[in-house]
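Structure record follows, encoded as structure tokens.
Numbering (the numbering used here), first residue to last: 4 to 72.
As structure tokens, then:
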């Protein structure tokens with residue numbers, strides 16, 4: 004979110020946030036790094052499973068959209 008509700012964060016860490024699919028694809032290299040490392044979502048507060056994380060990574064890797072598009 005552009006306006007996080009998590010205590011201690013007035014803005015998204017590193018300015019990385021996704022409101023929709025276009026935001027995700029526009030920043031896919033940074034997203035892949037954060038998702039693949041396990042850093043995102045923060046503390047896995049949303050309980051993203053390994054399978055869901057792998058699915059997101061596959062989507063980012065195979066997406067035709069280019070960074071900065």
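Even glycine gets a Cβ: it sits at the ideal position worked out from N, Cα and C.
- The beta carbon of residue 43 sits closer than 6 Å to those of 37, all from its chain and outside the five residues before and after it, given in chain order.
- Cα atoms of residue 51 and residue 8: separation of roughly 18 Å, rounded to the nearest angstrom.
- Of all alpha-carbon atoms in 35, 49 and 6, the one lying nearest the alpha-carbon of residue 58 is that of 35.
- Contact between residue 19 and residue 29 fails: their C-beta atoms lie close to 11 Å from each other, not under 8 Å.
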